[in-house]
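Trainee: Right, I'll just put the structure down here and ask away after.
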Amino acid sequence: MSAKIDGVSPPFIPIGGLKGVSAPKPFVPLEGESDFQKILLEKIESEQKIKFSAHAKSRLQNRNINLNSENLTKLAAAMDRAEEKGARESLIVVDNAAFVVNVNKRTVITALDEGKLQDSVFTNIDSAVFVK
Numbered sequence: 737m738s739a740k741i742d743g744v745s746p747p748f749i750p751i752g753g754l755k756g757v758s759a760p761k762p763f764v765p766l767e768g769e770s771d772f773q774k775i776l777l778e779k780i781e782s783e784q785k786i787k788f789s790a791h792a793k794s795r796l797q798n799r800n801i802n803l804n805s806e807n808l809t810k811l812a813a814a815m816d817r818a819e820e821k822g823a824r825e826s827l828i829v830v831d832n833a834a835f836v837v838n839v840n841k842r843t844v845i846t847a848l849d850e851g852k853l854q855d856s857v858f859t860n861i862d863s864a865v866f867v868k
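The sequence shown: position 130 = 866 (the working numbering), numbered continuously.
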């Protein structure tokens, strides 16, 4: 870099740039790149043996439902309990979120936050599991 300020080559480019040298452009992720939430869910799926449908991933993101390892452990344990009882499609309520899951495929079909849980009717389920 040949640009100098008062005869000194700076180790950076000032925000306004220098004459003949433009300021660095902010990072803009490409259209097809994965964001942090997608990468996190993929990692969770591989470790917890729980899959999330595209619809469930969208609902988690749109409704700001953040799952931590404790929630996922509870969800996995609830799926195990439902499977032991012969459930196929189950409503699992963990803390302040609800999940409709396909127990046999260990897949979360959709997710609801506490606000959406109040006046909801759940159809096409054969069991419900409540976890504290």
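Just so it is clear, CB atoms sit at the ideal spot from N, CA and C, and this is done for glycine as well.
The model shown is predicted, which means the values in this text are computed figures rather than measured ones.
Beta strand (DSSP E) containing residue 807: first to last residue?
Mentor: Here residue 807 belongs to no beta strand (DSSP E); instead the alpha helix (DSSP H) covers 805 to 820.
Trainee: What separation, rounded to the nearest whole angstrom, lies between the Cα atoms of residue 809 and residue 817?
Mentor: 12 Å
Trainee: I need the straight-line Cα distance from residue 824 to residue 868, nearest angstrom please.
Mentor: 22 Å
Trainee: Report yes if the C-beta distance between residue 830 and residue 836 is below 9 Å; otherwise report no.
Mentor: no
Trainee: Would you report the Cα separation of residue 737 and residue 761, rounded to the nearest angstrom?
Mentor: In this prediction, residue 737 scores a pLDDT of 49, lower than 50, which makes its location untrustworthy; the coordinate-derived value is nonetheless stated afterwards. Answer to the nearest angstrom: the Cα atoms are 17 Å apart.
Trainee: Can you tell me the Cα-Cα spacing of residue 839 and residue 821, whole angstroms?
Mentor: 11 Å
Trainee: When you compare the CB positions of residue 855 and residue 801, do they come within less than 9 Å of one another, or not?
Mentor: no
Trainee: With a Cβ-Cβ cutoff of 9 Å, do residue 811 and residue 864 count as a contact?
Mentor: No, the pair does not count as a contact, with Cβ atoms beyond the cut-off.
Trainee: Use the C-beta contact count for residue 776: other C-beta atoms within 10 angstroms, 16 or more gives buried, fewer gives exposed.
Mentor: exposed
Trainee: Go through its chain and collect everything with a Cβ distance to residue 743's Cβ below 6 Å, but skip five positions before and after it.
Mentor: none
Trainee: Can you list, in chain order, the residues of its chain with a C-beta nearer than 8 Å to that of residue 862? Leave out the 5 residues immediately preceding and following it.
Mentor: 823, 824, 825 and 826
Trainee: Return the chain-ordered list of same chain residues with a C-beta closer than 6 Å to the C-beta of residue 797, the five sequence neighbours on each side being excluded.
Mentor: Here the set comprises 773.
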